[in-house]
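Let me begin by presenting the structure, written as structure tokens, before commenting on it.
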Amino acid sequence: MLKVIAARVVLGLLTLLAVSALIFAATEILPGDVASAVLGQGATPETLATFRAELGLDRPAYIRYFEWLFSALQGDLGVALTNKRDILTSIAPRFENTMFLAGYAALIAVPLSVGLGILAAINEGKWIDRVANVLSLAAISFPEFFIAYVLILVFAVKLGWFPSLSTVFDDMTLSQRFHVTALPAVTLTMLVAAHMLRMTRSSVLSIMSQPYIEMAFLKGLKRSRVVFVHALPNAAAPIITVIALNLAYLIVGVVVIEVVFVYPGVGQFMVDGVTKRDLPVVQACGLVFAAAFVILNTFADVMSILVNPRLRKPR
Amino acid sequence: MRILGHKPSLSAWIGILIVGAFIAAAIFAPFIAPFTESEKVAKTWSPPTSEFLLGADNIGRDLFSRMVYGARTTIGVALATTILSFIIGLSLGLWAAVGGKLVDQVLSRFVDVMLSIPLLVFALIILSMFGSSIPTLIITIAILDSTRVFRLSRAVAMNLVVLEYVEAARLRGEGLWWIMRREVLPNAMPPMISEFGLRFCFNFLFVAGLSFLGLGIQPPLADWGGMVRDNGKAISFGLLAPLWPAMAIAAMTVGVNLVVDWILSINARPSGASAEM
Amino acid sequence: MTDNILKIRNLRIEAISGAVLVDDVSLELRPGEVLGLIGEGGAGKSTIGLASMAYARAGCKITGGTVEIEGQNIRAISADGRRKVRGEHIAYVAQSAAASFNPAYRIIDQICEMPVLHGQMNKTDARAWAIELFRALDLPNPEKFGERYPHQVSGGQLQRAMAAMAMSCKPEILVFDEPTTALDVTTQIEVLALIKKLIREFHTAALYISHDLAVVAQVADRIMVLRGGKTVEIGETAQVLHEPKTDYARALVAERKAADKISTHRAVAHENAILTVSDAVGLYESFVAVKNVSISVARGETVAVVGESGSGKSSLARLIVGLLPRSSGSVKFDGQELSPALKDRPRDQLRRIQLIYQQPDVALNPRQTIGEIIGRPVEFYFKKSPAEVAERVRSLLNQVGLPEDYAKRLSTALSGGQKQRICIARALAAEPDIIICDEPTSALDQLVADEILKLLGRLQEELGVAYLFITHDLGIVRRISHRTAVMLRGELIADGPTAEVFALPFHPYTERLLSSVPELRIDWLDEVLTKRKAEA
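This is how it looks when you write it as structure tokens:
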């Protein structure tokens, strides 16, 4: 089994490498280059050439890729084109903020949606299932900014319970932080909880239609025992996958929400970079997001290997 | 009334009505909207009146007219994206399923890597290079989204190509093209139809999200996501201006989802959880 | 009668869609008695079996009748009361043990769960009792057997473990739902013998559900014949076997009896070979599925290849048509060497070798009309005009006994037997010299299968086509094949005229295989066991 896990981790690392190459290539292979993208169409050939030389764009792409990759591995993400500030020092506190917000949302979303998903599945067709179905369908259909603005309108503007902008400072206490980020966290929760609930429900349902569940009922066991002892342990692997998938989605979902609430995270930083066409910043943020995404997916696969009895106890 | 040989449920009817209304608005926009999408006709954020049904926006354009024109751009771009995404994803997916191991491995591994980068992040990187015009937007999102279509159509087709009727065609000596077109594609269509609805919802929300970030459809064209962005500040004054377009986006997605749910439920079977105790 | 332990009265079960699955069925069971429920697919046997525990699968509902266990109507009592009856008084043995054991727990924990939770025994006693049951069921190393997980033991062992699980609360009634159907014949006979022993030893009453009359005859005291959810006939086993009262039961018995003896065939010269396989080796990646097999088929001849699952018989068929890579040896067709890979074979060679599959459901494209399916080979191989194709489709439909107007319909609404006829018509459309039949009747009900076999026989007389017939069913072999080959673990262990192979078993496995096939005699099982014991 260790072999299987090791193989999966190596695959994750390879994916990460391929992803970094793809991110780099996306800004290279496409027509035009950083210089013309930054300077715009009005630039003269002379200014373009000077700027290219300044950025080192006159050297072959693969050499620049490896330079970029190795310095990124050593923690050097380069400097921003627009204000020449070191990207790592700008990203690090923002990354913390993003992780704080994502973690906050996950803390609410995971127990809520997994619990409700299981409840909906074992009461398939009953009222709780229908209510969960309607609510989750609505939450999936709503764009995140719609949820965000409704929450702001109700809880910030009308009731005044929470601030409408989530400005954070270094000297804030933890409870203050929780307070100002409550609205974005709830928005984020609604965004992923619906998906998680639906996926949890369908994985529990697929377990519930297995013959061994019918057998458990025919053994005269209580419904609660059938569900908790016979169904859920087998549903663990799919549920873990569901959670990890949605946590990965959550990290990306923060982008729009950070912009709505003007929350200083990596997402907002990236959108800023894109508007200003600051490619090193965009590449660095892309790498950070992709890495978080790949790591979570790898983690999900490793966990589902761990809980699979067939792999745990081979023949 | 029956549609596709089945009777729609109440929720399906609601979905059909919503989707139908928005599509009608998109098609007949010039006849429905009292003003054009870029005319400045009132004061900033003036309240709703009988002339300006939903009031005016941040620079005094009629919000209702912009909503109607916005249906055209937002739905149009999302639909074009989804169709292009399906053309790319479906043909590559079928090719991977019938084209042999090598084709499948190369395509699948490439798509795996593409899928390891969050869609929004990938789109942001590409748009930061190209800038946002409607064709770039459609092509970029369609290519990124086609990886999802590829995954599903490949999986569906893989389950089909192992069936004996496909093998029988192969044993007869039929070519790859014939097998893809005549044996696999017709049988892959039912699951792909509901997937089309879901992908449309996804692309629709995605385009709206990008426009909201200011990186999608560019002004002066009216689009729902951009309208939310333009009027976002109004919310602090308790005005509903940004909520109308946001609500339209939500309603459209709910409508499509209701229709898709109904299509899916036609083929669904009850599971073991509902067995009599 | 108060001494009936199980009494079902006027049972009616409906699907949510409104279809009636079981209609007015009544039965009773005395203590220690075994009632066999027999019928073809869709007869409602399993549904009745589950209903005897007052259980209906998702999508079905018990809508009428009573189920009395020891005088108590369990349909009328609370869910808690029903739960108590299940397991304690009546227990269930499912068809697929592999799917019915929870993969997450050790076998013994799943067996002990029932007596412990029903409050009959404490954990230690339950374990001791489980081990005793393992011993009674002849499981290897009974003390340690239960420590394993379900996926770690073989199918036959798991099926026995499920019988042990059913017995764990010492119920008065057992419901066996096709407990041996998923097993190979040589395993089936062992499990069957142990079930019989178990029922006798503990004096348990049982409902024994099966589609095979010969299997039921070995264990049942009485037999109930079902069809389409209705009772056709019920009586003592000997009476049903020897003097069936209804036409349907008579047909079932006659069909099953036909499988027991070798029929006489017109002689076919074996020398005029159309297909010759010599020393062929076939690989699935690194696994050798076919080991140095040599076999030949003459024009107009039927050669049967028999073996259990995993014997390589289907791999041999795939090797011949070019779907399984051949690493060495040769396959000659009409004197010409066939290329190992499908894509290198000329179209005319492909035309002359056709294949019929086991599952007619998945062998026909559900989105093409029957006319398109049958017409395609005519158009593809003979380049006929649409009018000529339509004419040919009509005559082919006639030939396989289907109405001409089926050409415009989709195959999806047809029965299994009709679908298989269309598969046969599609094969004939290519005007082949040989048709490879891969278990073409094993997914069909007995009486339908019988008609398909007759159709294949008639077509051979008319067209002189040769068959290579892959099957696990020795009954079919006896009836249709001129020659028979027996395969075991990828190797050919016997090959010759059918009568010779069956009369003079050269290989001990052939004998074992032969003697394991249930015969339609009440004392068959006991006879075979006594004989085997004497030999050992």
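Protein chains in written order, with the working numbering: chain A, 26 to 340; chain B, 5 to 281; chain C, -15 to 520.
For glycine and all other residues, C-beta sits at the position ideal for the given N, C-alpha and C.
These numbers were taken from a predicted model, which means no experiment stands behind them.
- [ ] Report the rounded CA-to-CA distance for Thr482/C versus Arg463/C, giving the unit in angstroms.
- [x] For the purposes of this step, residue 482/C is taken as residue 498 along the third sequence, with counting starting at 1. For the purposes of this step, residue 463/C is taken as residue 479 along the third sequence, with counting starting at 1. Roughly 10 angstroms separates the two Cα atoms.
TODO: Would you mind working out which of Asp265/B, Pro249/B, Val264/B, Pro34/B sits nearest Gly59/B, comparing C-alpha positions?
DONE: For the purposes of this step, residue 59/B is taken as residue 55 along the second sequence, with counting starting at 1. Taking only the C-alpha atoms, the option nearest Gly59/B is Pro249/B.
Open item on the list: Quick check: what's the CA-CA separation for Tyr76/C versus Arg41/C?
Closed with: On the third sequence, position 92 is the one that residue 76/C refers to. On the third sequence, position 57 is the one that residue 41/C refers to. Cα-Cα distance, rounded: 14 angstroms.
Open item on the list: In whole angstroms, give me the CA-to-CA distance for Tyr237/A and Ala60/C.
Closed with: In the first sequence, residue 237/A corresponds to position 212, counting from 1. In the third sequence, residue 60/C corresponds to position 76, counting from 1. Near 26 angstroms, if we compare the C-alpha coordinates of Ala60/C and Tyr237/A.
Task: Closer than 7 angstroms at the beta carbon, the chain C residues around Asn148/A - done: Position 123 of the first sequence holds residue 148/A. What Asn148/A touches in chain C: nothing, since even the nearest Cβ is about 14 angstroms away.
Open item on the list: Relative to the C-alpha of Glu217/C, which candidate in Ser379/C, Gly23/C, Lys128/C has its C-alpha closest?
Closed with: Working through the third sequence from its first residue, we reach residue 217/C at position 233. Taking only the C-alpha atoms, the option nearest Glu217/C is Gly23/C.
Open item on the list: In this structure, how does DSSP classify Gln99/A when only helix, strand and coil are distinguished?
Closed with: For the purposes of this step, residue 99/A is identified with residue 74 of the first sequence, where counting begins at 1. In this structure, Gln99/A counts as coil in the three-state DSSP scheme.
Open item on the list: In the DSSP output, what is Ala469/C paired with across the bridge?
Closed with: Position 485 of the third sequence, counted from the start, is the residue given in the question as residue 469/C. Ala469/C is bridged to Val289/C, Asp479/C.
Task: Any C-beta of chain C under 9 angstroms from that of Met240/A - done: Your numbering for residue 240/A matches position 215 in the first sequence. So, interface residue.
Open item on the list: For chain B, check one thing: does any of its Cβ atoms lie closer than 9 angstroms to the Cβ of Phe366/C?
Closed with: Position 382 of the third sequence, counted from the first residue, corresponds to residue 366/C. Cβ-Cβ to chain B under 9 angstroms: no for Phe366/C.
- [ ] Quick one: list the residues of chain A neighbouring Lys68/C, beta-carbon separation under 7 angstroms, in chain order.
- [x] Indexing the third sequence from 1 puts residue 68/C at position 84. The contacting residues are Gly245.
TODO: Below 6 angstroms CB to CB, which residues in the same chain sit around Asn122/A once its five sequence neighbours on both sides are set aside?
DONE: In the first sequence, counting from the first residue as 1, residue 122/A sits at position 97. Pro289, Gly290.
Open item on the list: Between which residues of its own chain and Ala134/A is the CB-CB distance below 7 angstroms, once the five residues before and five after are set aside?
Closed with: Within the first sequence, residue 134/A is the residue found at index 109, counting from 1. The residues are Thr214, Val217, Ala218, Met221.
Open item on the list: Measuring straight from C-alpha to C-alpha, what distance separates Thr425/C and Arg360/C?
Closed with: Position 441 of the third sequence, counted from the first residue, corresponds to residue 425/C. Position 376 of the third sequence, counted from the first residue, corresponds to residue 360/C. Spanning the two alpha carbons is a distance of roughly 24 angstroms.
Open item on the list: If you follow the beta strand (DSSP E) that Asp7/C is in, where does it begin and where does it stop?
Closed with: Your numbering for residue 7/C matches position 23 in the third sequence. From DSSP, the beta strand (DSSP E) with Asp7/C extends over 4 to 13.
Open item on the list: Less than 9 angstroms between CB atoms is the rule here; does Ile22/B satisfy it with respect to chain C?
Closed with: As a first step, residue 22/B is located in the second sequence; it is residue number 18 there, counting from the start. For Ile22/B, the answer is no, since every Cβ of chain C falls outside 9 angstroms of its Cβ.
TODO: Using 10 angstroms around the beta-carbon of Gly298/A, count the other beta-carbons present and answer buried if the total reaches 16, otherwise exposed.
DONE: As a working mapping, residue 298/A is identified with position 273 in the first sequence. Gly298/A is buried by the Cβ-count criterion.
TODO: Buried or exposed for Gly103/C, please, with buried defined as at least 16 other CB atoms from any protein chain shown within 10 angstroms of its CB.
DONE: Start at 1 with the first residue of the third sequence, and residue 103/C comes out as number 119. When all chains shown are included, Gly103/C counts as exposed.
Open item on the list: Please state the DSSP three-state secondary structure of Ala520/C.
Closed with: Here residue 520/C is taken as the residue at index 536 of the third sequence, counted from 1. The answer is coil: DSSP assigns Ala520/C none of H, G, I, E or B.
- [ ] Run through the stretch 382 to 415 of chain C for me and flag every whole alpha helix (DSSP H) of 4 or more residues, listed as ranges in chain order.
- [x] 400 to 413
Open item on the list: In the DSSP output, which residue or residues are listed as bridge partners for Ser280/C?
Closed with: Translated into positions along the third sequence, residue 280/C becomes position 296. Beta-bridge pairing links Ser280/C to Thr260/C.
Task: Helix, strand or coil at Tyr192/C [DSSP, three-state] - done: Reading the third sequence from its first residue, position 208 is the one you call residue 192/C. Tyr192/C: strand per DSSP, three-state reduction.
Task: Rounded C-alpha distance that separates Glu285/C from Ser465/C - done: Position 301 of the third sequence, counted from the start, is the residue given in the question as residue 285/C. Position 481 of the third sequence, counted from the start, is the residue given in the question as residue 465/C. Going by the C-alpha atoms only, they are around 8 angstroms apart.
Task: Start-to-end residues for the alpha helix (DSSP H) that takes in Tyr365/C - done: Counting from one through the third sequence, the residue named residue 365/C turns up at place 381. It spans 354 to 366 - the alpha helix (DSSP H) in which Tyr365/C sits, taken as one unbroken run.
Open item on the list: With a threshold of 7 angstroms on Cβ separation, who are the neighbours of Tyr169/B within its own chain once the five nearest residues in sequence on each side are excluded?
Closed with: Residue numbering aside, residue 169/B sits at position 165 when the second sequence is read from its first letter. Within the same chain, Tyr169/B has close Cβ partners Glu187.
Open item on the list: For chain A, check one thing: does any of its Cβ atoms lie closer than 9 angstroms to the Cβ of Ala279/B?
Closed with: In the second sequence, counting from the first residue as 1, residue 279/B sits at position 275. Since pLDDT at Ala279/B reaches only 46, below the 50 mark, its modelled position is unreliable, and the value read off the structure follows with that caveat. Closer than 9 angstroms: yes.
Task: Supposed close pair Ile354/C, Tyr390/C - CB separation, criterion 8 angstroms - done: Here the question's residue 354/C lines up with position 370 in the third sequence. Here the question's residue 390/C lines up with position 406 in the third sequence. Correct: roughly 5 angstroms between the Cβ atoms.
Open item on the list: At a CB distance below 7 angstroms, what residues from the stretch 222 to 233 of chain B approach chain A? Give them in sequence order.
Closed with: Val232
- [ ] Reducing DSSP to helix, strand and coil, say where Ile521/C ends up.
- [x] Residue 521/C is absent from the model: chain C starts at -15 and stops at 520.
Open item on the list: Contact criterion: CB-CB distance below 9 angstroms. Does Arg185/B meet it with respect to chain C?
Closed with: The residue given as residue 185/B occupies position 181 in the second sequence. False, the Cβ-Cβ gap to chain C never drops below 9 angstroms.
Open item on the list: Please confirm whether Tyr169/B has its beta-carbon closer than 9 angstroms to some beta-carbon of chain C.
Closed with: Your numbering for residue 169/B matches position 165 in the second sequence. Output row for Tyr169/B: interface = yes.
Open item on the list: So for Thr165/C, helix, strand or coil by DSSP?
Closed with: Start at 1 with the first residue of the third sequence, and residue 165/C comes out as number 181. In this structure, Thr165/C counts as coil in the three-state DSSP scheme.
- [ ] Give, in chain order, every unbroken run of the beta strand (DSSP E) that is at least 3 residues long and sits entirely within the stretch 59 to 100 of chain C.
- [x] 74 to 77
Open item on the list: Helix, strand or coil, according to DSSP, for Gly276/B in the structure here?
Closed with: Residue 276/B sits at position 272 when you count from the first residue of the second sequence. Confidence at Gly276/B is low in this model, with a pLDDT of 44, below 50, so the placement of that residue should be treated as unreliable; the coordinate-derived value is given next. DSSP places Gly276/B in helix when its eight states are reduced to three.
Task: CB contact flag (Leu308/C, Arg174/B, <9 angstroms) - done: The residue given as residue 308/C occupies position 324 in the third sequence. The residue given as residue 174/B occupies position 170 in the second sequence. No; because the gap between Cβ atoms is not below 9 angstroms, this pair is not in contact.
- [ ] Check each candidate in Asp111/A, Thr107/A, Leu106/A, Tyr90/A and name the one with the smallest Cα separation from Gly100/A.
- [x] In the first sequence, counting from the first residue as 1, residue 100/A sits at position 75. Measuring from the Cα of Gly100/A, the nearest candidate turns out to be Asp111/A.
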